[in-house]
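Undergrad: Protein chains in written order, with the working numbering: chain D, 1 to 373; chain S, 1 to 356. Ideal Cβ placement from N, Cα and C applies to all residues, glycine included.
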Amino acid sequence: MNKKIPALALALTMTASLAACGGNNGGTASTPAPAGSTAPAGQQSDLKVGVFYYNFADAYISTVRSAMDAQLDGLGVTYQNFDAQTNQGEQTNQVNTAITDGYNLLIVNVVENASPDAAQNMADAAKAAGIPIIFFNRDFDASVIQSYDQSAFVGTDPAEAGHMQGQAIGEYLVENYDAVDLNGDGKISYVMFKGQEGNPEAEMRTQYGVEDANTVLEAAGKPDLEFYDAQNEKKYLVDQTGAWSSQAATDYMNTILGQYNDGNNNMVELVIANNDGMAEGAISALQQAGYNQPGSDKVIPVYGVDAMASAVEKIDEGIMAGTVKQDGEAMAATIATLVQNVKDGAALMDNTDQYVVDSDAAKIRVPYAMYTK
Amino acid sequence: MSNESKELAANAKRFDRKTLGDKLMNNALYILMILAVIYIQFFCNSNFLAPASLVNILSQTAAYLPAALGIAGCIVLTGTDLSAGRCVGLTACISASLLQKVGSASKMWTNIGTLPVPVVILIVVLIGALVGAFNGFFVAKFKLHPFIVTLGTQLILYTCLLLYVQQGNNGGMAISSLDPSYTDFIKGSFVSVPTGNGTSTPIPNFVWFAILLTALMWFIWNKTTFGKNMFALGSNEEAARVSGVNVFATTIMVFALAGAMYGWTGFVEGARIGSNTANTGFNYELDAIAACVIGGVSFVGGIGKIRGIVIGVLLLRLIFVGLNMAHVSQDLIYLVKGGIILFACALDMRKYLVKK
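(1) I need the DSSP call for S192(S), collapsed to helix, strand or coil.
(2) Determine the contact status of A57(D) and A278(S), defining contact as a CB-CB distance below 8 Å.
(3) Using a Cβ-Cβ cut-off of 7 Å (strictly less than) and excluding sequence neighbours within five positions of Q88(D), which residues of its own chain qualify?
(4) Over what stretch of residues does the beta strand (DSSP E) that includes K325(D) continue unbroken?
(5) Looking at the structure shown, is I156(S) part of a helix, part of a strand, or coil, going by DSSP?
(6) Going by CA-CA distance only, name the one from L98(S), V131(S), G168(S) that's closest to S181(S).
(7) Closest by CA to A285(D), which one among D297(D), L105(D), M253(D)?
(8) Look at V339(D) and V49(D) and say whether their C-beta atoms are less than 8 Å apart.
(9) Please specify which runs of the alpha helix (DSSP H), each continuous and at least 4 residues long, are wholly inside the stretch 85–116 of chain S, giving them in chain order.
(10) Going by beta carbon distance, what residues of the same chain come within less than 6 Å of A240(S), once the five residues before and after it are set aside?
(11) Which whole-angstrom value describes the C-beta separation of A273(D) and Y303(D), a residue pair presumed to lie in contact below a C-beta threshold of 8 Å?
(12) Return the Cβ separation of N47(S) and Q287(D) in integer angstroms, given the expectation that the two are a contact with Cβ distance under 8 Å.
(13) Where do the ends of the alpha helix (DSSP H) carrying Q167(D) lie?
(14) Does V324(D) come within less than 8 Å of chain S when only Cβ atoms are used?
(15) Which residues in chain D sit within 7 Å of Q60(S), going by Cβ to Cβ distance?
(16) With DSSP as the reference, please indicate the residues paired to F227(D) in a beta bridge.
(17) State the Cα-Cα distance for the pair V144(D) and R205(D), rounded to the nearest angstrom.
(18) According to DSSP, is I303(S) helix, strand or coil?
(19) With a cut-off of 8 Å on the beta carbons, I'd call A291(S) and G312(S) a contact; round off their distance for me.
(20) Could you check whether the Cβ of N93(D) sits closer than 8 Å to any Cβ belonging to chain S?
(21) Measure how close the beta-carbons of T255(D) and N324(S) come, nearest whole angstrom, since I'm counting them as under 8 Å.
(22) Quick one: what's got a C-beta closer than 7 Å to N104(D)'s C-beta in the same chain, skipping five residues either side?
(23) Verify the CB distance criterion: does P146(S) have a CB-CB separation below 8 Å to chain D?
(24) Please confirm if T31(D) has its CB atom under 8 Å from at least one CB of chain S.
(25) Can you pull out the residues from the stretch 307–325 of chain S whose beta carbon lies closer than 8 Å to at least one beta carbon of chain D?
(26) Secondary structure at K343(D), three-state DSSP: helix, strand or coil?
(27) Check each residue of the stretch 28–43 of chain S: if its Cβ is closer than 8 Å to any Cβ of chain D, include it; give the result in chain order.
(28) What are the start and end residues of the alpha helix (DSSP H) that includes R241(S)?
(29) Report the option in C93(S), V102(S), G270(S), V293(S) whose CA atom is closest to the CA atom of I112(S).
(30) For T381(S), count the other beta carbons within 10 Å of its own beta carbon; 16 or more makes it buried, fewer makes it exposed. Which is it?
(31) What does the Cβ neighbour count give for P66(S), buried or exposed, with the cut at 16 atoms within 10 Å?
(32) When you compare the CB positions of E329(D) and A67(D), do they come within less than 8 Å of one another, or not?
(33) Under 8 Å between beta-carbons, which chain D residues line up against L98(S)? List them in chain order, please.
(34) Could you give the distance in angstroms between the alpha-carbon of D358(D) and the alpha-carbon of I364(D)?
(35) Which residue comes first and which comes last in the alpha helix (DSSP H) that contains D124(D)?
(36) Mapping the DSSP letters down to three states, classify L270(D) as helix, strand or coil.
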């Protein structure tokens with residue numbers, strides 16, 4: 001067999017894929033800024049920015065990426081997006097390669113944030129090369145930011161989404177207690193879907209989503225929420241793949257409904273999820289069992305986080321109870337402020353007076369907002 | 001009794017015991033499965049075999065079955081298909097995006113209405129079949145191992161998926177807000193199982209579709225020339241070639257059929273999960289391959305039964321639901337899955353080792 005044929009085929013495939021990149025305006029590939037047309041300063045910056053995302057497949061991160069691409073295009077800088085596919089080793093390699101490739105600003109959505117080591121490694125590498133580094137979205141210990149003056153973090157306060165979710169749940173329940181308590185046993189049984197083990201955002205949403213709701217319930221003289229399965233000591237069901245996926249929530253919810261339903265008079269009366277994807281997955285399973293249909297009053301309240309357009313629509317339709325808006329646009333705009341500073345040669349944290357900044361480190365907190373009907 | 005006849009009798013007894021032992025060993029998986037079901041039902045959770053729970057197990061099996069039926073053909077050809085999961089993801093996202101509610105704020109393609117359901121089925125099954133045929137072409141033409149080819153396709157499909165969810169009005173968000181014509185077609189039901197207390201659990205439509213597909217696949221595997229050719233090719237390629245099987249066409253068709261099945265799975269999953277991202281379908285191939293090998297579709301090639309695949313998928317769902325209901329820590333589910341896969345494959349190979 002002629003060995004050239006596979007080689008030729010491979011070359012053709014690669015050419016085709018390159019052509020595809022060129023044709024795509026989405027900005028996933030490197031974007032040489034169009035000759036000064038969009039840059040406000042009217043001139044090409046020599047800034048070469050690497051943006052490192054933990055996972056392109058994450059729906060929320062994708063919204064941040066769209067917004068960030070637009071912001072960076074607007075600034076007229078050269079940039080390249082990288083996908084770590086939830087693999088910290090991959091991301092560390094990408095960052096190190098980018099440093100050797102002459103990138104002079106790194107924007108990193110760190111993969112592994114259960115411990116600060118991964119972020120610390122990348123901050124150290126940036127420090128050694130004298131390049132500023134901006135972390136975003138996935139939070140970690142303040143010591144990393146403190147260790148390098150040309151580093152900053154833009155994200156949310158991991159506890160805040162949980163607090164907001166819990167508060168909203170508590171208030172809703174106090175108002176509609178008897179309607180939610182389907183079997184009339186005076187207690188609300190709930191299920192909690194956790195996105196990932198060890199992720200601070202997931203941990204705190206899982207903890208405060210319930211704790212804060214209980215605080216509100218107690219203040220109103222109602223009993224605490226009760227996990228639907230008394231034998232589950234963790235009091236949550238987690239996506240074992242760590243992907244915060246709706247599929248995990250659908251499969252769990254189907255299984256729960258096989259055992260806990262109106263027929264057995266033990267229906268789960270409240271669903272709390274760490275993100276909108278899992279909330280929507282749970283709703284899909286509920287719908288399959290005849291609950292949460294648009295226009296029906298047989299609705300189990302379901303709470304999520306992110307305020308993705310489809311979730312907001314479900315809330316408006318009345319088949320989802322609430323979500324916490326995590327503002328991807330605002331996150332990208334805040335990061336763009338820092339990029340502008342680097343571009344202008346100003347200090348990294350200039351022009352950030354209007355933002356909420358931690359007292360102990362250069363960590364900017366983009367606020368959450370509750371969304372209910 | 002003479003010594004000789006004593007010996008014969010002893011031999012016969014030993015032989016009986018041996019065949020009995022063999023029978024037990026060969027069916028050990030089913031026996032264990034039945035024991036586990038009985039144990040969970042009577043000692044852990046009496047809801048396990050309640051009607052609502054049975055419907056749940058049935059519908060989860062139905063959701064994961066088509067992909068396994070497809071991938072089984074590739075395994076019969078001594079191959080595998082790693083691109084199944086991403087293919088399911090891509091077709092799920094395409095199905096969902098073409099069947100979103102008109103006027104929804106998150107509608108991906110605002111300038112097309114909601115397409116008719118059969119058209120979308122046709123589109124995604126065709127896309128799946130095309131992906132499969134692409135795999136099959138590389139396997140048949142360049143004699144590449146399917147592991148390599150489908151590893152490549154898996155990665156290529158992931159790029160397609162990542163780009164697709166960013167198209168139109170979507171910007172990478174989850175594709176949701178599906179039209180009722182779509183969700184009713186998949187999740188709606190016309191038969192409900194009474195669960196007592198005057199309530200009932202609906203059996204979702206995709207269960208019936210899965211049964212139809214299983215029958216169709218059984219027919220293709222057992223009653224058509226194509227099916228016979230597939231098994232001939234799987235057991236011995238040279239022999240098949242010599243006896244006039246078109247190896248090239250058969251390989252492509254097996255992979256294309258598998259791809260069509262992933263397309264269907266994607267169509268079902270799109271509505272069943274209701275929120276589709278680039279993550280949808282991730283790792284589906286692993287469950288499907290596991291189900292096949294548990295069900296006795298052998299990596300040796302040329303061996304496998306539709307019945308076995310159904311049981312394999314059912315067993316995996318029983319593990320998921322059963323361990324959940326038995327309150328076993330979720331961390332252990334993978335241990336059980338892994339153990340059963342090893343056990344099943346060892347049992348399977350044991351049969352062939354004995355023959356040799």
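TA: Checking against the coordinates, here is how it stands:
(1) strand
(2) yes
(3) V111, E112, A118
(4) 322–325
(5) helix
(6) L98(S)
(7) M253(D)
(8) yes
(9) none
(10) A232, L233
(11) 7 Å
(12) Actually they do not touch by this definition, with Cβ atoms about 22 Å apart.
(13) 158–175
(14) no
(15) D251, N254
(16) Y190(D)
(17) 23 Å
(18) coil
(19) 4 Å
(20) no
(21) 5 Å
(22) L47, K48, I131
(23) no
(24) Because T31(D) sits at a pLDDT of 39, beneath the cut-off of 50, its placement in the model cannot be relied upon, and the following sentence gives the value as read from the coordinates. It does not: the Cβ of T31(D) has no partner Cβ on chain S nearer than 8 Å.
(25) F320, V321, N324, M325
(26) helix
(27) none
(28) 237–242
(29) V102(S)
(30) Outside the shown range of chain S (1 to 356) lies residue 381(S), about which nothing can therefore be said.
(31) buried
(32) yes
(33) Chain D residues near L98(S): none, gap ~15 Å exceeds 8 Å.
(34) 6 Å
(35) 117–129
(36) strand
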